[in-house]
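Here's the structure we're looking at; comments come further down.
Number of protein chains: 2
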Amino acid sequence: MPEPLRLGVAGLGTVGIGTVKIVQQHAALIQRRTGRPIVITAVSARNRTKNRDADLSCYAWEDDPVALARRDDIDVFVELMGGADGSALDATRAAIATGKDVVTANKAMLALHGQALAEAAEAKGHVIRFEAAVAGGIPVVKALTEGLAGNDIRRVMGVMNGTCNYILTRMESAGLPYAEVFEEARQLGYLEADPNLDVGGIDAGHKLSLLAAIAFGTRVSFDAVRLEGIGRVSIDDIRRAADMGYRIKLLGVAQMTGRGLEQRMTPCLVPADSPLGQLQGGTNMVVIEGDSVGQIVLRGAGAGAGPTASAVMSDVIEIARGSRIPTFGQPATDLVEAVPAGTSAPAPHYLRLELADKPGALAKVATVLGEEGVSIDRMRQYAHADATVAPVLIVTHKTARDAIDHALSRLPATGVLIGEPVAIRIESV
Amino acid sequence: MPEPLRLGVAGLGTVGIGTVKIVQQHAALIQRRTGRPIVITAVSARNRTKNRDADLSCYAWEDDPVALARRDDIDVFVELMGGADGSALDATRAAIATGKDVVTANKAMLALHGQALAEAAEAKGHVIRFEAAVAGGIPVVKALTEGLAGNDIRRVMGVMNGTCNYILTRMESAGLPYAEVFEEARQLGYLEADPNLDVGGIDAGHKLSLLAAIAFGTRVSFDAVRLEGIGRVSIDDIRRAADMGYRIKLLGVAQMTGRGLEQRMTPCLVPADSPLGQLQGGTNMVVIEGDSVGQIVLRGAGAGAGPTASAVMSDVIEIARGSRIPTFGQPATDLVEAVPAGTSAPAPHYLRLELADKPGALAKVATVLGEEGVSIDRMRQYAHADATVAPVLIVTHKTARDAIDHALSRLPATGVLIGEPVAIRIESV
Numbered sequence: 021m022p023e024p025l026r027l028g029v030a031g032l033g034t035v036g037i038g039t040v041k042i043v044q045q046h047a048a049l050i051q052r053r054t055g056r057p058i059v060i061t062a063v064s065a066r067n068r069t070k071n072r073d074a075d076l077s078c079y080a081w082e083d084d085p086v087a088l089a090r091r092d093d094i095d096v097f098v099e100l101m102g103g104a105d106g107s108a109l110d111a112t113r114a115a116i117a118t119g120k121d122v123v124t125a126n127k128a129m130l131a132l133h134g135q136a137l138a139e140a141a142e143a144k145g146h147v148i149r150f151e152a153a154v155a156g157g158i159p160v161v162k163a164l165t166e167g168l169a170g171n172d173i174r175r176v177m178g179v180m181n182g183t184c185n186y187i188l189t190r191m192e193s194a195g196l197p198y199a200e201v202f203e204e205a206r207q208l209g210y211l212e213a214d215p216n217l218d219v220g221g222i223d224a225g226h227k228l229s230l231l232a233a234i235a236f237g238t239r240v241s242f243d244a245v246r247l248e249g250i251g252r253v254s255i256d257d258i259r260r261a262a263d264m265g266y267r268i269k270l271l272g273v274a275q276m277t278g279r280g281l282e283q284r285m286t287p288c289l290v291p292a293d294s295p296l297g298q299l300q301g302g303t304n305m306v307v308i309e310g311d312s313v314g315q316i317v318l319r320g321a322g323a324g325a326g327p328t329a330s331a332v333m334s335d336v337i338e339i340a341r342g343s344r345i346p347t348f349g350q351p352a353t354d355l356v357e358a359v360p361a362g363t364s365a366p367a368p369h370y371l372r373l374e375l376a377d378k379p380g381a382l383a384k385v386a387t388v389l390g391e392e393g394v395s396i397d398r399m400r401q402y403a404h405a406d407a408t409v410a411p412v413l414i415v416t417h418k419t420a421r422d423a424i425d426h427a428l429s430r431l432p433a434t435g436v437l438i439g440e441p442v443a444i445r446i447e448s449v
Numbered sequence: 021m022p023e024p025l026r027l028g029v030a031g032l033g034t035v036g037i038g039t040v041k042i043v044q045q046h047a048a049l050i051q052r053r054t055g056r057p058i059v060i061t062a063v064s065a066r067n068r069t070k071n072r073d074a075d076l077s078c079y080a081w082e083d084d085p086v087a088l089a090r091r092d093d094i095d096v097f098v099e100l101m102g103g104a105d106g107s108a109l110d111a112t113r114a115a116i117a118t119g120k121d122v123v124t125a126n127k128a129m130l131a132l133h134g135q136a137l138a139e140a141a142e143a144k145g146h147v148i149r150f151e152a153a154v155a156g157g158i159p160v161v162k163a164l165t166e167g168l169a170g171n172d173i174r175r176v177m178g179v180m181n182g183t184c185n186y187i188l189t190r191m192e193s194a195g196l197p198y199a200e201v202f203e204e205a206r207q208l209g210y211l212e213a214d215p216n217l218d219v220g221g222i223d224a225g226h227k228l229s230l231l232a233a234i235a236f237g238t239r240v241s242f243d244a245v246r247l248e249g250i251g252r253v254s255i256d257d258i259r260r261a262a263d264m265g266y267r268i269k270l271l272g273v274a275q276m277t278g279r280g281l282e283q284r285m286t287p288c289l290v291p292a293d294s295p296l297g298q299l300q301g302g303t304n305m306v307v308i309e310g311d312s313v314g315q316i317v318l319r320g321a322g323a324g325a326g327p328t329a330s331a332v333m334s335d336v337i338e339i340a341r342g343s344r345i346p347t348f349g350q351p352a353t354d355l356v357e358a359v360p361a362g363t364s365a366p367a368p369h370y371l372r373l374e375l376a377d378k379p380g381a382l383a384k385v386a387t388v389l390g391e392e393g394v395s396i397d398r399m400r401q402y403a404h405a406d407a408t409v410a411p412v413l414i415v416t417h418k419t420a421r422d423a424i425d426h427a428l429s430r431l432p433a434t435g436v437l438i439g440e441p442v443a444i445r446i447e448s449v
């Protein structure tokens with residue numbers, strides 16, 4: 021009889037309980053697949069008496085996750101508490117210090133401390149795995165680290181926050197403004213306690229920074245992710261973009277360019293008929309482009325007890341099978357410090373301007389754009405309820421963002437601009 | 021300096037040369053990712069003097085792949101010759117007999133001999149990996165075997181023959197009949213030497229049978245795959261299906277049911293706005309459904325030198341990293357013989373009938389359908405250039421295929437049926 025792999029599970033929220041249930045319900049299946057039993061030895065959570073939808077009576081209980089991490093009757097510390105610092109970090113450090121492998125769903129902790137944790141674990145010959153930290157049940161960390169390991173990765177893109185995608189698609193389908201759908205989402209319990217983690221793009225930015233480290237062999241540099249949330253996306257822009265054949269997504273993009281590593285998590289337009297454009301509701305999608313493989317698209321549930329626990333168990337099973345791949349796909353000490361790209365690669369942009377409806381207004385704007393090197397691919401002028409205002413949509417040719425911003429900054433001086441102009445990048449997918 | 025992993029590459033067609041190029045061009049990258057160099061020691065192909073787009077001068081040459089497989093200066097035998105039997109099988113057996121790991125892109129060989137080969141390899145502690153055999157560059161074998169290993173797999177579906185999908189989407193977009201697009205595909209070099217491997221669904225059926233073995237822990241049973249090619253799909257049906265919101269795909273489905281293991285590779289209707297329905301051209305897509313993860317969709321290039329070589333290298337890299345997962349995700353000797361499901365799970369069906377345009381014709385048909393327990397969800401009658409013919413489309417409620425076939429067999433006796441009725445399953449995706 022082979023030795024069982026013994027887990028200590030810290031954090032018994034939906035994902036923790038989901039993980040416990042898979043271990044309990046699929047014990048035989050998992051043993052067939054790994055060749056050894058996987059058992060839970062001990063668990064930990066803040067509140068022992070809380071009613072949980074699983075039988076935990078046969079596991080040792082620890083109030084303190086650090087004590088759990090230090091137990092010598094566990095082989096793998098499964099960290100499902102969350103939070104970049106505090107208990108999760110303390111306990112993970114304790115697990116590494118006492119020679120455990122670690123499986124975690126904690127994107128924030130890894131985005132901020134992943135380099136140090138990986139170095140510490142690898143120095144002791146242990147592994148940290150985090151499939152559940154990125155895009156829920158989609159096996160994207162595995163696809164990137166292993167499935168596409170023969171590729172020079174060119175670009176990683178993704179819609180990796182289901183709440184934002186829910187809000188944006190609901191705005192479009194129901195024709196509702198951001199504030200109203202945000203409130204709906206809050207009432208449905210879709211938002212983090214600090215909603216800015218979702219709608220500010222921070223959570224998705226954490227995930228992107230982890231994928232970028234694997235893809236480009238660079239140290240995780242979340243600080244260098246250009247973050248822009250969805251709070252300023254208007255229903256007008258969603259509608260106008262749709263008229264032009266696009267949808268607006270909170271899109272993460274990481275690519276290595278001649279100017280350095282570009283990482284951004286910002287609202288972008290994507291073609292409505294592309295896989296990313298067609299992604300509705302809370303589903304996640306990650307697109308990986310490699311020099312040999314071309315474009316691979318992965319789609320699935322990005323959150324929820326089942327999908328996230330599925331990813332946790334995939335990591336546990338890999339450890340049980342003996343996989344010892346380093347955290348970020350190569351030894352942490354070999355990861356290089358990326359030079360952050362100061363600016364984004366040039367791209368077409370969507371511009372929405374409201375102009376005074378008088379002769380020559382458009383000419384003045386076009387002149388400024390031309391002078392700043394912003395060339396126009398397509399343009400539409402719309403009727404407006406208020407006859408003194410002429411909404412104008414422009415799709416530019418490939419242009420650096422700086423040139424767009426500079427051109428927009430000159431528009432007020434034309435005297436024909438009404439309100440704030442809107443500029444959104446169009447990502448070619 | 022760690023020991024290099026030494027490859028012997030048999031077969032120097034596009035995939036073989038693609039693999040050689042990755043080894044040559046990404047040596048440093050791959051070494052960073054695996055911790056050891058990966059080198060090619062020897063190669064083999066039928067024609068040594070053929071002009072190939074790669075420098076092979078530093079590799080030993082073997083005319084005979086069996087001799088290559090037996091060399092004691094290789095660790096991994098990379099089989100890229102193709103063909104279910106003959107040299108590929110002989111050489112793979114020789115590689116296993118002489119203690120090599122095997123990486124292969126050969127779906128036909130594994131579909132027919134995978135069980136015996138896996139048992140032989142595993143008895144000696146060696147592995148066979150075949151990511152490249154299924155859906156080209158998409159890391160689907162890895163996703164199923166490892167990424168979703170904590171799931172009870174409920175269903176695996178896929179469009180896994182790019183040529184068929186090209187033909188079907190080209191028929192729709194150009195409005196051309198099957199025979200014409202088939203001829204185009206032949207001239208473009210998209211078809212196998214024996215085109216029935218593609219359009220008869222055999223190649224895709226091979227792939228499905230391999231995924232089913234992993235998903236359900238069963239012995240590969242290609243013989244039990246219900247195969248129906250695309251040769252009888254008409255442009256009429258493609259158009260009518262589109263009218264009803266569907267597209268026709270050569271869709272593989274494997275699922276474990278109360279009646280046994282159901283495996284089929286047949287034309288099916290899928291909703292036009294689903295990921296499968298939106299799949300255009302030669303791209304492949306695999307959909308995996310697990311009890312915890314829900315639905316995961318994987319999309320990418322299903323063929324071509326780069327994507328297939330990417331998959332080959334992913335397997336090589338996993339071996340270099342020390343992965344020893346059994347061929348089908350659990351020891352071959354543990355795989356169970358599946359009872360094949362005699363019939364498919366009930367599903368809605370699309371029926372196209374041409375009726376004599378006279379009073380009572382539709383009533384007669386509806387009566388027969390009703391008597392056979394085929395209940396109608398939607399129906400449309402179309403005008404026809406020939407006023408004596410009334411084309412009728414029917415979407416049924418969930419019905420067993422047997423009931424459909426039985427009802428259709430009774431229609432000639434009504435005296436109102438013109439020509440052959442068409443019935444195509446609608447798969448809920």
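Chains as they are written, first to last, in the numbering used here: chain A, 21 to 449; chain B, 21 to 449.
Note that beta-carbon positions come from the ideal geometry of N, C-alpha and C, so glycine has one too.
Nothing here was measured: the structure is a model prediction, and the numbers come from that model.
The beta carbon of residue 94 of chain B lies closer than 7 Å to those of 26, 27, 28, 61, 62, 120 in the same chain, with the five residues before and after it left out. Pairwise C-beta distances place the segment 189-197 of chain B out of contact with the segment 315-334 of chain B, as fewer than three of them are shorter than 8 Å.
In the DSSP assignment, residue 276 of chain B forms a beta bridge with B:281. In the structure shown, residue 198 of chain A falls within a helical segment according to DSSP collapsed to helix, strand and coil. With contacts defined by Cβ atoms closer than 7 Å, residue 226 of chain B and residue 127 of chain B form a contacting pair. Collapsing the DSSP output to three states places residue 441 of chain A in a strand.
The beta carbon of residue 38 of chain A is closer than 7 Å to those of 325, 326, 328, 329 in its chain, skipping five residues each way along the sequence.
Per the Cβ contact rule, the segment 155-174 of chain A is not in contact with the segment 194-210 of chain A (fewer than 3 Cβ pairs under 8 Å). When 7 Å is used as the limit between beta carbons, residue 298 of chain A is near these residues of chain B: 298, in chain order. Only exposed fits residue 405 of chain B, as fewer than 16 other CB atoms lie within 10 angstroms of its CB. Sequence-ordered contacts of the segment 24-46 of chain B with chain A read 38, 42, 46 [C-beta pairs closer than 8 Å]. Residue environment analysis places residue 304 of chain A among the buried positions, since at least 16 neighbouring C-beta atoms fall within 10 angstroms of its C-beta.
In the three-state reduction of the DSSP assignment, residue 180 of chain A falls in the coil class. The segment 311-323 of chain B makes contact with the segment 308-320 of chain A, as at least three CB pairs between them are under 8 Å. Relative to the Cα of residue 359 of chain A, the nearest Cα in the group A:233, A:163, A:132 belongs to A:233. Measuring C-alpha to C-alpha distances from residue 99 of chain B to each of B:336, B:425, B:403, B:415 identifies B:336 as the nearest.
Taking a 10 Å sphere around the C-beta of residue 387 of chain A, we find fewer than 16 other C-beta atoms and assign the residue as exposed. At a cut-off of 7 Å, the C-beta of residue 182 of chain A has no neighbouring C-beta in chain B. When the beta-carbon positions are compared, residue 181 of chain B and residue 223 of chain B come within less than 7 Å of each other. Within 7 Å of the CB of residue 50 of chain A, the CB atoms of chain B belong to 170, in sequence order along the chain. Look at the segment 347-369 of chain B: the residues with a C-beta under 9 Å from a C-beta of chain A are 349, 350, 351, 354.
When B:59, B:101, B:86, B:32 are compared, the shortest CA-CA separation from residue 69 of chain B is found for B:32. Taking C-beta atoms as the reference points, residue 310 of chain A and residue 173 of chain A count as a pair closer than 7 Å. In this structure, the beta-carbon distance from residue 385 of chain B to residue 397 of chain B does not fall below 7 Å.
Within the same chain, and ignoring the five residues on either side of residue 50 of chain A in sequence, the residues whose Cβ sits closer than 6 Å to its Cβ are 58.
Counting only residues of its own chain and dropping the five nearest sequence neighbours on each side, residue 96 of chain B has a CB closer than 8 Å to the CB of 25, 26, 27, 28, 120, 121, 122, 123, 336, 339. Residue 352 of chain A and residue 138 of chain A do touch by the CB rule: their CB atoms are close to 4 Å apart, below 8 Å. With 16 or more other CB atoms across the displayed protein chains lying within 10 angstroms of its CB, residue 284 of chain A is buried. The Cβ of residue 333 of chain A sits closer than 7 Å to at least one Cβ of chain B.
Contact between residue 410 of chain A and residue 381 of chain A holds: CB atoms are separated by about 7 Å, below the 8 Å threshold.
For residue 304 of chain A, the secondary structure class from DSSP, reduced to helix, strand or coil, is strand.
Fully contained in the segment 328-385 of chain B are the following beta strand (DSSP E) runs of length 3 or more, in chain order: 369-376.
Between residue 413 of chain B and residue 246 of chain B, the C-beta spacing is not below 7 Å. Listed by position along chain B, the residues whose Cβ is nearer than 8 Å to that of residue 315 of chain A are 320, 321. Each residue's CA atom was taken as its position, placing residue 302 of chain A and residue 148 of chain A some 27 Å apart. Among the residues of chain B, none has a CB under 7 Å from the CB of residue 435 of chain A; the nearest is roughly 46 Å distant.
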